[in-house]
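Single-structure report; data block below.
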Amino acid sequence: SEGEESAEAESDASESEKCAFADGSEKLDKTETDFEQFYTMDNVKVVVDSFFRWRIVDPIAAVYEVDKLQEALTKVVLASLRSFIGSHDLNFILASRQQLSEAVVTQTSDSVKKWGVSITGVDIRTLELDEGTKEAMRQQIEASRECEARKLLARGEADAVKTKAEGSAAALERQAEAERNSTILRAE
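Each residue of the sequence shown is one higher than the one before, counting from 5 in the working numbering.
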């Protein structure tokens with residue numbers, strides 16, 4: 005009896021899945037990718053943890069046009085990610101995650117359309133750099149800060165010299181004016 009109830013529950017669940025699948029519902033599926041290693045255009049190794057959202061728009065094509073749908077989708081998305089990341093430098097990749105997502109969706113749409121699927125979004129959860137690259141970035145940031153500090157110090161010193169010169173010039177003018185006034189007063 006307990007076995008019959010679980011068989012009925014499984015049957016009901018599979019029927020509801022079939023109905024949801026066949027009725028063209030707008031259900032989004034989410035597929036996680038493993039950490040993948042890519043190289044940017046400037047030869048920086050990045051390790052990406054991502055996932056993508058997709059929806060079946062043609063159930064018949066999804067069943068008959070491709071074997072192992074999720075695996076095929078994952079391969080297409082990762083190939084597109086590899087292409088996009090490989091054609092841009094690290095700074096662009098770090099600053100343009102939304103653009104990366106849109107580009108991958110656009111690149112993959114024609115490939116997966118024949119499978120009756122639409123990819124709706126690709127998200128980069130983490131983008132990790134190797135220790136050497138992280139250290140180089142830290143050094144670059146530190147050097148940039150030091151350079152900016154030197155510029156500010158030099159600008160401050162230049163302003164101080166200018167202010168001192170202006171003060172000295174004003175003092176000389178006042179002294180000259182005072183001597184002139186003194187000479188005029190003595191002459192009268």
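From the three backbone atoms N, C-alpha and C, an ideal C-beta is built for every residue, glycine too. Since the structure is predicted, the reported quantities are computational estimates derived from the model, not experimental observations.
Query                                                                                                                        : Result
Between which two residues does the beta strand (DSSP E) holding Phe56 run?                                                  : Lys49 to Ile60
Looking at Gly125 and Asp62, is the spacing between their C-beta atoms short of 8 Å?                                         : no
If you follow the beta strand (DSSP E) that Phe39 is part of, which residue opens it and which one closes it?                : Taken as a continuous stretch (DSSP letters only), Phe39 belongs to no beta strand (DSSP E), as it is neither H nor E.
Going by alpha carbons, who is nearest to Val108 out of Val48, Thr167, Ser54 and Leu133?                                     : Ser54
Would Thr112 be called buried (16 or more neighbouring beta carbons within 10 Å of its own) or exposed?                      : buried
If you pair each beta-carbon of the stretch 43-58 with each one of the stretch 87-95, do three or more pairs fall below 8 Å? : yes
Could you spell out where the beta strand (DSSP E) holding Val67 opens and where it closes?                                  : Val67 -> not in any beta strand (DSSP E); alpha helix (DSSP H) instead, spanning Pro63 to Tyr68.
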